[in-house]
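If you use full-length UniProt numbering, the sequence shown corresponds to residues 1 to 309, in order. C-beta: ideal position from N, C-alpha, C; glycine also. Have a look at the structure below before the remarks.
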Amino acid sequence: MGSDRNLAPEERAKVKPRKRQYTDRDVCKYYLAGFCPYEEFRRTKNDVGDCPCVHDEAVKAEWDALDEREKDRAGYEADLLRWLERFLADLRKRKQSNAARLKTVGQTLLLHEDQTKLDAMSAQLKELLERAERLGEEGDVDASMAATAEADQIKTQRAAFEAAAEARAGNNALKNMHQEVCPVSGLIINNDETRLRDHHQGRNYNAWKRLHETHERLVEELKARDRSRDRSWDRRRGSRERSPGRHRDGRDRRRHDDYRDSYRDSYRDSYRDSHRDRPRYGSYRDDDYDRHRRPSRPSRNDYPEEGEL
């Protein structure tokens, strides 16, 4: 493909490869904006597969050198922010689910196998007592007394087993008291010092930590740029209002105000639509992925979201 596609192999080898640009479709825009979830969550519980695009350090340096206006025009940071918002929304749900799970297992409930055996002993005891009563009514006193004696024996065994089962349930509840939900990754972890240290050194925890940090940074940077634009427009408006030709400049001021309002509405609509139209959790591989996977698709305004924690 390309202008050299008809060249002989030896001639094609002499052609200097074109330098990549940050606007190239095969360049990972999330990597440029500071956080590629494909790479960050690779080989973790939230692995979303290999990144279908290129991570080029030279292109990243080119991107970092751009001014804020050029970055805003590209929109890669806003795209990444929307993706991180979906990750964090699912993380909040999982944290709530795991917290409810810990609360349930933390109650002093009998273990399943102990409860099953107790239910069987209770059913056997009931059957013996009913048989003893029926035999007594039929006049078979000896058989009735034998059934009653067997029932008393089962009752004693059941009481001893129930006491042991409650002790085991208490130990299980005590064990769960030493567990908690990690506020960063959403995992259920043991809160003793050694386990906590191992968890904080793990790849999954640190990927989530960087995700939180990147999200906070993008939110602050985009807000700061918005405030800067407002101040710039306000200064220009004030300067024109003080100038002799301020009436002549009225149309220019309105044009700037319309542009600012259009920019804000466009950003809000894009952000809202991305949350309304995206599929619910189950796979992050939505339209954002399509643009990564199929570079031949026509470009869209949005540049091209796993696992139970």
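Exercise. Which word fits Ser185, buried or exposed, when buried means at least 16 other C-beta atoms lie within 10 angstroms of its C-beta?
Worked result: buried
Problem set entry | Closest residue to Val59 among Lys19, Gln179, Ala123, Glu138 (Cα-Cα distance) | Lys19
Exercise. At least one CB of chain D closer than 9 Å to the CB of Pro52: is that the case?
Worked result: Any reference to chain D falls outside this structure, which holds one protein chain only.
For this session: Work out the CA separation of Arg203 and Arg43 for me, nearest whole Å.
Result: 8 Å
Exercise. Helix, strand or coil for Tyr263 per DSSP?
Worked result: Note that Tyr263 scores a pLDDT of 46, beneath 50, so its modelled location is shaky; the value from the coordinates is reported in the next line. Helix.
Exercise. So Glu40 packs on Leu187, CB below 8 Å; how close in whole Å?
Worked result: Wrong, their Cβ atoms sit about 16 Å apart, outside the cutoff.
Exercise. Do the segment 125-139 and the segment 147-160 make contact, defined as three or more Cβ pairs closer than 8 Å?
Worked result: yes
Problem set entry | Own chain partners of Lys71 with C-beta closer than 7 Å, once the 5 adjacent residues on each side are dropped | Glu77
Exercise. To which residues of the same chain is Glu62 closer than 8 Å at the C-beta, ignoring the five residues directly before and after it?
Worked result: Gln21, Tyr22
Exercise. Assuming Leu178 contacts Asn190 under a Cβ cut-off of 8 Å, what Cβ separation, rounded to an integer in Å, is found between them?
Worked result: Note that residue 178 is His in the sequence shown, not Leu. With 8 Å as the limit, His178 and Asn190 qualify as a contact, their Cβ atoms being about 6 Å apart.
For this session: Flag this pair as yes or no: are the beta carbons of Asp79 and Cys53 separated by less than 9 Å?
Result: no
Exercise. By Cβ distance, which residues of its chain are closer than 8 Å to Gly136, with the 5 residues on each side in sequence left out?
Worked result: Ser144
Problem set entry | Sheet register partners of Gln179 (DSSP bridge) | Asn190
Exercise. Can you tell which of Arg86, Asp24, Ala207 has the C-alpha that lies nearest to the C-alpha of Ala74?
Worked result: Asp24
Problem set entry | Limits of the alpha helix (DSSP H) - the one that Lys71 falls within | 68-74
Exercise. Excluding sequence positions up to five away, which residues of its chain have a Cβ less than 8 Å from the Cβ of Asp192?
Worked result: His178
Exercise. When DSSP labels each residue in this structure, what does Val54 get in the three-state scheme?
Worked result: strand
Problem set entry | Bridge partner(s) assigned by DSSP for Val27 | Val54
For this session: Please state if the CB of Ala159 and the CB of Ala132 are separated by a distance shorter than 9 Å.
Result: no
For this session: Go ahead and pull the three-state DSSP assignment for Val141.
Result: helix
Exercise. Quick one: what's got a C-beta closer than 8 Å to Val219's C-beta in the same chain, skipping five residues either side?
Worked result: Leu81
For this session: In angstroms with no decimal places, state the Cα-to-Cα distance between Met121 and Ile154.
Result: 7 Å
Problem set entry | Under 9 Å between C-beta atoms of Leu66 and His215 | no
Exercise. Among Pro183, Gln157, Arg229, which one has its Cα closest to the Cα of Lys209?
Worked result: Pro183
Exercise. Roughly how many angstroms separate the alpha carbons of Glu162 and Leu196, rounded to a whole number?
Worked result: 36 Å
Exercise. By how many angstroms is the C-alpha of Glu57 removed from the C-alpha of Leu32?
Worked result: 9 Å
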